[in-house]
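Which chain is which? The protein sequence lines are A and B, in order.
So in our numbering, spot 23 of the first sequence is number 53, and the numbers just go up one at a time.
So in our numbering, spot 160 of the second sequence is number 190, and the numbers just go up one at a time.
Built from N, CA and C at the ideal position, the CB exists for glycine as well.
Only one structure is covered here, and it is reproduced in the block below.
There are 2 protein chains.
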Amino acid sequence: MAFAGVSGTIGGAGPLALLHGGAWAIPDTALADHQEGLAEALAAAQFALSDARPAIDAVTRIVAALEGHGAFDAGCGAMLNRAGDVELDAGLMDGPTGRYGGVMAVQRLAHPIRVAYDLLQHGNGQAALLAGDGAEAFAEREGHTLVANETLICERERQRYAEHRAEADVDSSDSFLPDNAPSDTVGALVRDAEGRLAAATSTGGMTGRRSGRVGDSPIIGAGTFADNGTCAVSATGDGEVFMRWLAGHEIHARMRHAGQSLADAAEHVVQVDLAPNGGSGGLVAIDRDGNVVMPFSCEGMYRGVQCEGDPPRTAIYR
Amino acid sequence: MAFAGVSGTIGGAGPLALLHGGAWAIPDTALADHQEGLAEALAAAQFALSDARPAIDAVTRIVAALEGHGAFDAGCGAMLNRAGDVELDAGLMDGPTGRYGGVMAVQRLAHPIRVAYDLLQHGNGQAALLAGDGAEAFAEREGHTLVANETLICERERQRYAEHRAEADVDSSDSFLPDNAPSDTVGALVRDAEGRLAAATSTGGMTGRRSGRVGDSPIIGAGTFADNGTCAVSATGDGEVFMRWLAGHEIHARMRHAGQSLADAAEHVVQVDLAPNGGSGGLVAIDRDGNVVMPFSCEGMYRGVQCEGDPPRTAIYR
Chain A
31 MAFAGVSGTI GGAGPLALLH GGAWAIPDTA LADHQEGLAE ALAAAQFALS DARPAIDAVT
91 RIVAALEGHG AFDAGCGAML NRAGDVELDA GLMDGPTGRY GGVMAVQRLA HPIRVAYDLL
151 QHGNGQAALL AGDGAEAFAE REGHTLVANE TLICERERQR YAEHRAEADV DSSDSFLPDN
211 APSDTVGALV RDAEGRLAAA TSTGGMTGRR SGRVGDSPII GAGTFADNGT CAVSATGDGE
271 VFMRWLAGHE IHARMRHAGQ SLADAAEHVV QVDLAPNGGS GGLVAIDRDG NVVMPFSCEG
331 MYRGVQCEGD PPRTAIYR
Chain B
31 MAFAGVSGTI GGAGPLALLH GGAWAIPDTA LADHQEGLAE ALAAAQFALS DARPAIDAVT
91 RIVAALEGHG AFDAGCGAML NRAGDVELDA GLMDGPTGRY GGVMAVQRLA HPIRVAYDLL
151 QHGNGQAALL AGDGAEAFAE REGHTLVANE TLICERERQR YAEHRAEADV DSSDSFLPDN
211 APSDTVGALV RDAEGRLAAA TSTGGMTGRR SGRVGDSPII GAGTFADNGT CAVSATGDGE
271 VFMRWLAGHE IHARMRHAGQ SLADAAEHVV QVDLAPNGGS GGLVAIDRDG NVVMPFSCEG
331 MYRGVQCEGD PPRTAIYR
């Protein structure tokens with residue numbers, strides 16, 4: 031079966047939330063923590079759906095739950111860059127309006143997705159993508175508390191950083207990415223009761239990456255995309271490759287211009303465009319009819335589905 | 031005629047360079063300076079073409095000439111953000127390989143396009159998009175000199191900033207963009223003697239914009255895109271709208287999935303997707319057969335064409 035686990039047409043016409051918590055060869059030692067984090071986020075999803083929140087509000091709450099849990103590479107569990115700092119990216123997009131917001135390379139925000147949401151709400155078309163200090167200044171103005179970078183660093187990632195650094199030839203390069211770097215980015219999609227789609231993605235990048243590196247997560251059309259005419263998409267994987275192929279927008283374009291189904295479009299992008307070109311990883315995608323696909327090209331992808339009022343469903347492997 | 035000025039099928043199978051220097055209602059007082067800057071960049075184009083440089087090298091040289099001239103909103107002529115600082119974005123993409131590089135929100139680089147080029151050359155897939163201080167640290171490591179921000183501020187833009195600021199209600203907002211903000215972004219496309227396509231774009235944003243704001247220029251698939259199977263594109267205009275519609279990648283997708291010509295695809299994106307949705311501006315685009323289009327939805331767009339060995343051609347209005 032091409033899309034095992036929780037894919038297919040599910041949830042009928044009702045509200046529906048999907049989420050992912052990274053796609054890689056997840057070690058057994060990390061399973062319990064990840065499952066607990068997924069469960070918490072699915073509970074947040076159920077709350078948002080039952081409260082009849084707009085899709086864009088719901089994805090923000092779900093991703094904020096994933097950022098806050100600590101199991102994932104987002105928010106306070108983020109991996110450390112070459113300098114040993116947490117540096118976060120997040121983006122989201124509203125399907126009915128095409129509005130979006132993204133923050134990149136921020137170091138003092140516990141919940142970058144909430145700041146991206148504020149940017150979407152208050153941007154007025156003036157600024158939808160903000161980087162670094164400017165993004166943090168905007169956040170402070172919007173009432174978010176800036177935190178010290180150290181408070182976002184957890185012991186697990188401090189250790190991972192130390193191990194990677196010890197193995198690397200640090201002097202010869204301005205980054206020391208391991209092979210098969212974990213991709214623990216988080217994301218959520220929602221179709222709400224009125225049929226509105228939304229997508230949100232948040233990440234802490236990879237251990238040892240260059241300072242200032244921005245991946246596909248906050249980039250509209252790459253790791254995050256939503257258009258009510260076609261689909262909503264949130265991706266996790268080798269960000270540079272997902273950006274080059276415009277993973278989210280390419281699925282949209284295949285549906286819009288080639289008349290492909292969500293499943294065919296998403297499968298092609300993940301297995302033909304991305305995987306053979308160095309883009310290991312996966313994505314979750316939904317269309318307005320409630321079709322759900324979660325293709326991935328690596329060993330496993332943490333993923334979950336919450337239909338309003340139903341028990342949550344999760345899957346990791348194929 | 032849909033594409034006046036220098037559009038059409040030109041240059042036969044020979045090497046060809048296109049460039050733009052912004053799309054807006056250009057005041058008469060700025061004409062001479064812009065025309066001189068275009069002429070210098072076209073001379074750089076002629077040199078690069080006659081020297082048989084690869085397309086990606088040629089677009090870098092052309093855009094570096096535009097960044098260095100001072101007439102345009104890029105490099106040392108850049109407009110100032112709300113804080114009164116120069117903050118630059120640049121990106122480029124190589125059509126045959128899909129490699130790309132981009133730097134965002136950098137304050138101490140006179141030629142951000144050259145740093146984006148280095149990122150493309152040495153990125154090894156590890157990092158293709160860098161923001162802020164991290165981008166500047168990479169640049170320094172690659173041998174670029176970091177300059178004080180003040181050295182990038184020209185008198186013309188200091189005055190423009192002071193005028194906008196005096197007219198704005200500065201305290202009520204974290205930006206003070208004027209209506210019909212000038213869009214003086216620069217870009218270049220090249221098809222070289224071996225048929226390789228490349229695109230490059232560089233910008234200083236708009237006067238009074240939020241600090242940290244990143245527009246479409248460095249974002250692959252938005253303001254800059256190149257794929258030898260379809261087209262190369264460089265855009266200038268309301269960046270937030272060009273990002274939402276993925277202007278460059280949408281032209282590519284229409285050619286690839288809907289079988290449209292370059293002219294039809296580009297015309298649709300500029301006049302139907304962008305212009306009615308607040309996305310005033312324009313773009314230059316080229317396909318591998320040497321078809322050239324330069325559609326815009328505003329009063330004028332500075333644009334030029336250089337076929338190897340021919341006299342340069344330029345146009346502003348329709």
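Rounded C-alpha distance that separates residue i from residue j
{"i": "Asp63 (chain A)", "j": "Ala305 (chain A)", "result": "28 Å"}
{"i": "Val314 (chain B)", "j": "Gln151 (chain A)", "result": "32 Å"}
{"i": "Asp81 (chain B)", "j": "Val323 (chain A)", "result": "50 Å"}
{"i": "Glu329 (chain A)", "j": "Ala60 (chain A)", "result": "15 Å"}
{"i": "Ser232 (chain A)", "j": "Ser205 (chain B)", "result": "26 Å"}
{"i": "Ser310 (chain A)", "j": "Asn321 (chain A)", "result": "23 Å"}
{"i": "Glu187 (chain B)", "j": "Arg343 (chain A)", "result": "57 Å"}
{"i": "Phe272 (chain A)", "j": "Gly278 (chain B)", "result": "16 Å"}
{"i": "Gly98 (chain A)", "j": "Thr90 (chain A)", "result": "12 Å"}
{"i": "Phe33 (chain A)", "j": "Pro325 (chain A)", "result": "Residue confidence for Phe33 (chain A) is low, a pLDDT of 37 falling below 50, so the modelled location carries little weight; the figure read from the coordinates is stated next. Cα-Cα distance, rounded: 6 Å."}
{"i": "Asn258 (chain B)", "j": "Val133 (chain B)", "result": "23 Å"}
{"i": "Asp115 (chain B)", "j": "Met236 (chain B)", "result": "11 Å"}
{"i": "Ala135 (chain B)", "j": "Ala108 (chain B)", "result": "12 Å"}
{"i": "Asp163 (chain B)", "j": "Leu139 (chain B)", "result": "11 Å"}
Sheet register partners of residue i (DSSP bridge)
{"i": "Gln336 (chain A)", "result": "A:Ala47"}
{"i": "Gly330 (chain B)", "result": "B:Trp54"}
{"i": "Gly278 (chain A)", "result": "DSSP lists no partner for Gly278 (chain A)."}
{"i": "Ile249 (chain B)", "result": "DSSP, once it has assigned bridges, lists no residue as partnering Ile249 (chain B)."}
{"i": "Asp119 (chain A)", "result": "A:Thr233"}
{"i": "Phe255 (chain A)", "result": "A:Val263"}
{"i": "Gly217 (chain A)", "result": "A:His50, A:Thr231"}
{"i": "Gly312 (chain A)", "result": "A:Thr266, A:Phe326"}
{"i": "Asp124 (chain B)", "result": "B:Ala228"}
{"i": "Arg243 (chain A)", "result": "B:Leu160"}
{"i": "Leu110 (chain B)", "result": "B:Val116"}
Enclosing beta strand (DSSP E) for residue i [first to last residue]
{"i": "Ser264 (chain A)", "result": "261–267"}
{"i": "Arg343 (chain A)", "result": "343–345"}
Test: residue i CB closer than 9 Å to a CB of chain B
{"i": "Glu117 (chain A)", "result": "yes"}
{"i": "Gly173 (chain A)", "result": "no"}
{"i": "Leu160 (chain A)", "result": "yes"}
{"i": "Asp91 (chain A)", "result": "A small fix is needed here, since residue 91 (chain A) is Arg in this sequence, not Asp. Judged by the 9 Å Cβ criterion, Arg91 (chain A) is not in contact with chain B."}
{"i": "His279 (chain A)", "result": "yes"}
{"i": "Met109 (chain A)", "result": "no"}
{"i": "Glu270 (chain A)", "result": "yes"}
Chain A within 9 Å of residue i, Cβ atoms only
{"i": "Leu49 (chain B)", "result": "no"}
{"i": "Tyr130 (chain B)", "result": "yes"}
{"i": "Trp54 (chain B)", "result": "no"}
{"i": "Arg195 (chain B)", "result": "no"}
{"i": "Pro325 (chain B)", "result": "no"}
{"i": "Gly267 (chain B)", "result": "no"}
{"i": "Ser213 (chain B)", "result": "no"}
{"i": "Ala95 (chain B)", "result": "no"}
{"i": "Met31 (chain B)", "result": "Confidence is the limiting factor: at Met31 (chain B) the pLDDT is only 28, short of 50, which leaves the residue's position unreliable, though a coordinate-based value still follows. False, the Cβ-Cβ gap to chain A never drops below 9 Å."}
{"i": "Tyr332 (chain B)", "result": "no"}
{"i": "Asp163 (chain B)", "result": "yes"}
{"i": "Glu187 (chain B)", "result": "no"}
{"i": "Ile249 (chain B)", "result": "yes"}
{"i": "His141 (chain B)", "result": "no"}
First through last residue of the alpha helix (DSSP H) which encompasses residue i
{"i": "Asp163 (chain A)", "result": "162–171"}
{"i": "Gly98 (chain A)", "result": "85–99"}
{"i": "Leu68 (chain A)", "result": "61–80"}
{"i": "Ala135 (chain B)", "result": "Here Ala135 (chain B) belongs to no alpha helix (DSSP H); instead the beta strand (DSSP E) covers 130–136."}
{"i": "His141 (chain A)", "result": "No alpha helix (DSSP H) contains His141 (chain A), which DSSP labels as neither H nor E."}
{"i": "His399 (chain B)", "result": "Since the displayed chain B opens at 31 and closes at 348, residue 399 (chain B) lies outside it and no answer follows."}
{"i": "His174 (chain B)", "result": "Run containing His174 (chain B): none; DSSP gives neither H nor E here."}
{"i": "Gln189 (chain B)", "result": "185–197"}
beta-carbon residue i near the ligand NAD non-hydrogen atom, thresh 8 Å
{"i": "Val300 (chain B)", "result": "The ligand content of the structure shown is nil, which means the ligand NAD is not present either."}
Worksheet item: Are the region 255–268 of chain A and the region 251–271 of chain B touching by the rule of at least three beta carbon pairs closer than 8 Å?
Response: Too few Cβ pairs lie closer than 8 Å, so no.
Worksheet item: Are the region 209–226 of chain B and the region 43–58 of chain B in contact at 8 Å, needing three or more beta carbon pairs?
Response: Under the Cβ criterion (8 Å, minimum of three pairs), the region 209–226 of chain B counts as touching the region 43–58 of chain B.
Worksheet item: Counting Cβ pairs closer than 8 Å, one from the region 135–145 of chain B and one from the region 173–184 of chain B, do we hit at least three?
Response: Result yes; three or more Cβ-Cβ pairs closer than 8 Å.
Discussion item. Across the region 219–233 of chain A and the region 123–133 of chain A, are there enough close Cβ pairs to call them in contact, namely three or more that are closer than 8 Å?
Written reply: The region 123–133 of chain A and the region 219–233 of chain A touch, with three or more beta-carbon pairs separated by less than 8 Å.
Worksheet item: Does the pairing of the region 322–340 of chain A with the region 288–301 of chain B give three or more beta-carbon distances under 8 Å?
Response: Touching, no, given that fewer than three Cβ pairs across the two stretches are closer than 8 Å.
Worksheet item: Do the region 233–250 of chain B and the region 104–124 of chain B meet, that is, are 3 or more Cβ pairs less than 8 Å apart?
Response: Touching, yes, given that three or more Cβ pairs across the two stretches are closer than 8 Å.
Discussion item. Would the region 191–201 of chain B count as touching the region 67–86 of chain B if we require 3 or more Cβ pairs under 8 Å?
Written reply: For the pair of segments examined, the region 191–201 of chain B was found not to touch the region 67–86 of chain B: the number of CB pairs separated by less than 8 Å stays below three.
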